[in-house]
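Residue numbering for the sequence shown follows my numbering, beginning at 2 and increasing consecutively. For every residue, glycine included, the Cβ atom is placed at its ideal position computed from N, Cα and C. Notes follow once the structure below has been shown.
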Amino acid sequence: MSFANIGNMISGLLSRIIISGFHHDLTAISLLICKIKSYTMEFFMLTSFTCICLLPIDQYLPTCARIQWRQWSNIKTAHHLTILFIIGWLLHGILYLIYFDLAPSPGMDETSCASNSVAFRQYHTYDCIINLTCILPIFVSGFFRNLAS
Numbered sequence: 002m003s004f005a006n007i008g009n010m011i012s013g014l015l016s017r018i019i020i021s022g023f024h025h026d027l028t029a030i031s032l033l034i035c036k037i038k039s040y041t042m043e044f045f046m047l048t049s050f051t052c053i054c055l056l057p058i059d060q061y062l063p064t065c066a067r068i069q070w071r072q073w074s075n076i077k078t079a080h081h082l083t084i085l086f087i088i089g090w091l092l093h094g095i096l097y098l099i100y101f102d103l104a105p106s107p108g109m110d111e112t113s114c115a116s117n118s119v120a121f122r123q124y125h126t127y128d129c130i131i132n133l134t135c136i137l138p139i140f141v142s143g144f145f146r147n148l149a150s
């Protein structure tokens, strides 16, 4: 989880430092940097929230009354689940490589790194931000923490 948080900080904070300190928005100049930043930020953010969701499940399984469920609590299963989710989020990030583009800012004579697709913006807002980073981690963490205690 720490690697995901550090990756998220580097990919997001580095561009903000360059914008604030040097007054150059590289994401508005280079299409490649625009796509890579959106891809890496989404990947690292979802990986971090996945670890937050898997942690209480890992705490619950060893204390579960059912023996079959306790057998799932081992390092091999944890590694496989982590790799599976990382591959899933890497594939999910392909949408950001496809849909993010340099778009003219409304009312200004500048470009910005954004998606022109209304459907993708709605998907990103409602499914990714609200569901995957707010509702799901809170629900899963709260549910399994209550079961573990």
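Length of the line joining the Cα atoms of Asp-110 and Ala-29: Numbered from 1 along the sequence shown, position 109 holds the residue referred to as residue 110. Numbered from 1 along the sequence shown, position 28 holds the residue referred to as residue 29. About 12 Å.
For the alpha helix (DSSP H) holding Asp-59, just list the boundary residues, first then last. Within the sequence shown, numbered from 1, the residue matching residue 59 stands at position 58. Looking at the DSSP string, the run of the alpha helix (DSSP H) that includes Asp-59 is 32-61.
Where Met-46 falls, given that 16 or more other Cβ within 10 Å makes a residue buried: Mapped onto the sequence shown, residue 46 falls at position 45. Result: buried.
Just how far apart, CA to CA, sit Ser-49 and Leu-85? Working through the sequence shown from its first residue, we reach residue 49 at position 48. Working through the sequence shown from its first residue, we reach residue 85 at position 84. Spanning the two alpha carbons is a distance of roughly 14 Å.
Give me the residue from Lys-38, Ala-66, Ile-20 with the minimum Cα distance to Phe-101. In the sequence shown, residue 101 corresponds to position 100, counting from 1. Ranking Lys-38, Ala-66, Ile-20 by Cα distance to Phe-101 puts Lys-38 first.
Start and end of the alpha helix (DSSP H) containing Leu-15? On the sequence shown, residue 15 is found 14 positions in, with the first residue counted as 1. Segment 3-23, the alpha helix (DSSP H) holding Leu-15.
My understanding is that Phe-44 touches Gly-13, with C-beta atoms under 8 Å, so please give their C-beta distance in whole angstroms. Counting from one through the sequence shown, the residue named residue 44 turns up at place 43. Counting from one through the sequence shown, the residue named residue 13 turns up at place 12. Incorrect: roughly 12 Å between the Cβ atoms, too far for contact.
Taking a contact to mean a Cβ-Cβ separation below 8 Å, would you say Val-119 touches Cys-54 in this structure? In the sequence shown, the residue the question calls residue 119 occupies position 118. In the sequence shown, the residue the question calls residue 54 occupies position 53. For Val-119 and Cys-54, no; Cβs fall outside 8 Å.
Should Tyr-61 be labelled buried (16 or more other beta-carbon atoms within 10 Å of its own) or exposed? By 1-based counting over the sequence shown, the position of residue 61 is 60. Buried, because 16 or more other Cβ atoms sit within 10 Å of the Cβ of Tyr-61.
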